[in-house]
Amino acid sequence: MKNDYIKLIKKFILISLPLIAMCLFAYLFPMGYMTTEYVLWTEEKDYVNQWQNDTQILDTLIVGDSRAKSSIIPEELHDSIYNIGIGGSTPIEMYYAVKNFIAVNGAPKRVFIIFAPYHFINMDNWNQTIYNNYLKPAEQAEVVGEAIKTGNKVVCYKGWLTDAVSYRLRLPSKYLAQEYEGRFIKLKEENQKKYDSIRADRGYCEFGTDPGSDAENYEVHCEAFDPLEIVLTYYDKLLSLLTENGVEVRVFQAPFNQSSAEQVAPELLNGYSDYLKGQMKKYPEIIFETEIPVYDNRYFGDGNHLNREGARKYTKELKEKLEEEGFEW
Amino acid sequence: MLFNSVGFAVFFPAVVIIYFLLERKRGSEVSPEAEENRRLPAFLKGCGLSNLWLLVSSYFYYMCADARFALLLLFVTATTYAAGLVTGNESADKRKKKMALAAGTIANILILFFFKYFNLLAGLFSEDPALKVVLPVGISFYIFQSLTYLFDTYKGKCPIERNFLKYALFVSFFPVLLAGPIERATHLLPQFDKVHHFDYERIRHGLIRMAYGYFLKLVIAQRLAIAVDLIYDNSTECTGYQLFLGSVLFVIQIYCDFASYSSIAIGAAEVMGFTLTENFRQPFLAVSCGEQWRRWHISLNGWFRDYVYIPLGGSRHGRFRKYLNVMIVFTLSGAWHGAELHYLCWGALAGFFQVMEDILKPLRERIVKGFPIHNALTGRLHHILQILLTFFLFVISAVFFRAASVADGVYITKKMWTDFEWNSIFTTSPFDLGLGVFHLLFVTAGLVMMIIYSLINEKKDAAAVLLSQKTAVRWGIYYLVVIMILGSTSIGAQQFIYFAF
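Here it is, written out as structure tokens:
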């Protein structure tokens, strides 16, 4: 009888070999088949989790979503900046990014934060966070705990645990379609190039490349500023973490294009501004910019993101503004 | 929790391991019943911890689908259990037994009727009814299964099961709970009294049955669903040939879908030591409509035969009554599938084909007799022709099963004949079916493997044949199947079609 048990276990392991091989492939060679989005997440994750020899020089972090990523060109603003924003991220991902950076490299001297109001209202990119295995299991568990407390269904949807395990194990049900799509290793070179170029640009990345866009941004489709509780919790946690570590924090706003600015609901802008004013009171040491600038459509690569020309303009204006203030780098 | 989900991959081994540990304990006791009677609380006596574990697991499994309906499952169990105490009581007078049978049957049929037809009836009176009823998953299956207990205890074929927990396990046994096979009380209930030991050979055989089920579902059915949906969703733009092709693919899809569920259920039960009723026996090798239905969804068709057709008189009261009974049974079978009229049409059409087949039997026999050449080759050709004709008729009736409405079914059937466009046979690329190279490769290889398995299974037990092969061949096939299954998981887990019934 005992032999039968062992025989069955042995055969189970043998029969599982193809599965193990597929999971291992998915785990070991993601750059071969994953999309550009993954490259952005990975580059950032690598940056914050690795000891940076140049932290003495790069002591300023830009934190936020795709608008942060695409609005500030570090090398045109100052030599000391690295942009760790991620497309589609919310304060949840950025809280852990900063926390990990501090754990590995110590606290940065200053942090500039840029989040679109939309990412306080919506977490539709949470699936990318899970898909790219951005958070560590313990971090993910912490987010789930918070989601349970706040009743957040985006994080705690039906079957979230099964999904979480499936993504962690890199099961073929989750990654095989993309492996086919990327022909397993065909994208490696292209992805590596992208990775290197983001690194060379110190985290800056263009999201829309059109020479102008009158498309509506995400905020146009929101009737009011109705933020998710879990996002607010993490925004608060992010600010607390930074202030507790003595980091100089400034909150900026990325511009809207003209077309969107004309259509966006005043309730949304007012609600967002009121929220930030509330935060100003809570964190008097942080300088908040509450007004969202409006740029001409020609500076936008798509409805939401500045193109390179727009980013140059925004970076330049920011630099001038800081210089006027007598900002010390 | 679908059979093809990660959840089940955790649930099933956990249930099996604990079940065997408890069964081992039960089996090692000199007198299991006596031992358990001493140790267990009164309400557990005669059930056994291992059966209790299966019961808890089955309810957990059901509650994963929709926790609310566990109460309904319990209610169905309680009513049929209570009625069974009377219908199976030999000392009770006949009138009482009849009353209990009627009460138990009517109560359960009403429940089924309410959940299946309420929305349809409400829709007749109001375009937007205030109340919309959600169909509890598996309700048609477990109600029919519990009714077998009532009918068989009434007929004296099945003894009363006094232990409520054991009876509850019979109704809710998780491998068959959501989509059958519909088990008879006489077949399944006694199996809960036996001790099931860990048996390596049996487990291996059961796992092969399960793997075959996963193969049918993931490699074939899920891919064919893409093509079938594309064709049926764009029926107005398709030629008659494309619609015919879509219908043929649908028949293969539904077979692979449903037979896969049955195969996984039978395999899962076999791993634990239970034998379930075979639900499919190579239906596409049938040479007549009658035989087709004896090979397709055997447990349901057997249910209708034993509990509807035969009580109605079967073929004992002349031809007209027989045909009427056939039509009644098939129409009821259509109604069992759903509240929509197209299911009724499907059932009626299937019944009609069977009646016509019987009426035309003498004529067919005369034609065959009058055929000038009779040798092995013509015999073989005749056999193949019969198989093809049976399959063709099945495809025609299945159009109404798949169509969204009767009007759609009529439209598609009509278009198949009037707008066939022979040249579209050559101009329709397989890539027009929404399947890429990988999918086409997988589905073609899958169909070839399914045909080989079916042809072997027609004569022998294909799983046993596989197990008797040399190690290299066996493991080559195992790996091929595993890789094909894993390579198909990227499509995403789709629900089994019969969950909707």
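Going down the list, the sequences are from chains A and B. Quick note: the first sequence uses my numbering, first residue 25, plus one each step. Quick note: the second sequence uses my numbering, first residue -4, plus one each step. Glycine included, each C-beta is placed from N, C-alpha and C at the ideal position. Remember, predicted model here, so these are calculated numbers, not experimental data.
Within-7 Å CB hit, residue i to chain A
i, result
"B:T423", "no"
"B:R197", "no"
"B:L430", "no"
"B:V25", "Note on B:V25: pLDDT 49, under 50, position unreliable in the model; no value is reported."
"B:V266", "no"
Chain-ordered neighbours of residue i on chain B, where CB pairs are closer than 8 Å
i, result
"A:M46", "L481"
"A:Y204", "F433, S485"
"A:P42", "Y474, V477, I478, L481"
Opening and closing residue of the beta strand (DSSP E) in which residue i lies
i, result
"A:R274", "272 to 276"
"A:G227", "No beta strand (DSSP E) contains A:G227, which DSSP labels as neither H nor E."
"A:N129", "Taken as a continuous stretch (DSSP letters only), A:N129 belongs to no beta strand (DSSP E), being part of the alpha helix (DSSP H) at 115 to 129."
"A:V189", "Per DSSP, A:V189 belongs to no beta strand (DSSP E); it is in the alpha helix (DSSP H), 184 to 192."
"A:T84", "84 to 88"
"A:N107", "105 to 107"
"B:I198", "From DSSP, B:I198 is part of no beta strand (DSSP E) but of the alpha helix (DSSP H) over 195 to 209."
"A:R134", "134 to 138"
From the options, residue whose alpha carbon lies closest to that of residue i
i, options, result
"B:F341", "B:K356, B:V405, B:D188, B:L380", "Contrary to the premise, residue 341 of chain B reads as Trp rather than Phe in this sequence. Among B:K356, B:V405, B:D188, B:L380, the Cα nearest to that of B:W341 is on B:V405."
"B:G43", "B:Y162, B:K111, B:A62", "B:Y162"
"A:Y258", "A:N73, A:K343, A:K123, A:E272", "A:K123"
"A:A248", "A:Q216, A:N151, A:V288", "A:V288"
"B:V394", "B:A371, B:G235, B:I13", "B:G235"
"B:G313", "B:L16, B:G201, B:P278, B:I354", "B:I354"
"A:S190", "B:A440, B:N452, B:Y473, B:A4", "B:A4"
"B:A334", "B:K152, B:P176, B:P8, B:V128", "B:V128"
"A:A224", "A:G56, A:Y106, A:D250", "A:Y106"
"B:L384", "B:G79, B:Y474, B:C284", "B:C284"
Chain-ordered neighbours of residue i on chain A, where CB pairs are closer than 9 Å
i, result
"B:V129", "Ordered by position in chain A, no residue passes the 9 Å Cβ test against B:V129, which lies about 15 Å from the chain."
"B:G241", "None at all; the shortest Cβ gap to chain A is about 24 Å."
"B:G2", "G183, L185, T186"
Within chain B, the residues that residue i reaches when beta carbons sit closer than 7 Å
i, result
"A:I39", "Y473, V477"
"A:D28", "F193, Y195"
"A:L32", "Y195, I198"
Under 7 Å between C-beta atoms of residue i and residue j
i, j, result
"B:I407", "B:L238", "yes"
"B:L430", "B:I221", "yes"
"A:D326", "A:G232", "yes"
"B:V350", "B:V321", "yes"
"A:Y24", "A:E333", "This structure leaves residue 24 of chain A out entirely; chain A is present only between 25 and 353."
"A:R274", "A:F136", "yes"
"B:G308", "B:R300", "no"
"B:T75", "B:S141", "yes"
"A:N321", "A:D238", "yes"
"B:K91", "B:V81", "yes"
"B:G268", "B:R204", "no"
"B:T148", "B:G83", "yes"
"A:K343", "A:L101", "yes"
"B:L184", "B:F169", "no"
"A:C93", "A:C229", "With the sequence shown as reference, residue 93 of chain A is identified as Lys, and Cys is not the correct amino acid for it. Yes, the pair counts as a contact, with Cβ atoms nearer than the cut-off."
"B:F15", "B:F193", "yes"
"A:Y296", "A:Y142", "no"
"A:L64", "A:Y120", "no"
"A:L211", "A:C47", "no"
7 Å Cβ cutoff, residue i in contact with chain B
i, result
"A:A201", "yes"
"A:P196", "yes"
"A:S297", "no"
"A:S190", "yes"
Boundaries of the alpha helix (DSSP H) in which residue i is found, first to last residue
i, result
"B:I259", "235 to 267"
"B:Y473", "466 to 481"
"B:T74", "65 to 82"
"A:N27", "26 to 39"
"A:R336", "332 to 349"
"B:H182", "180 to 183"
Proximal residues of chain B, C-beta to C-beta of residue i below 9 Å
i, result
"A:L52", "Correct list: empty, because the minimum Cβ distance to chain B is about 17 Å."
Minimum Cβ-Cβ distance from residue i to chain C less than 7 Å
i, result
"A:S90", "Chain labels in this structure do not include chain C; the protein chains are A and B."
Near the ligand NAP: residue i beta-carbon under 6 Å from a heavy atom
i, result
"B:Y112", "What this structure holds is no ligand at all, so the ligand NAP is not there to describe."
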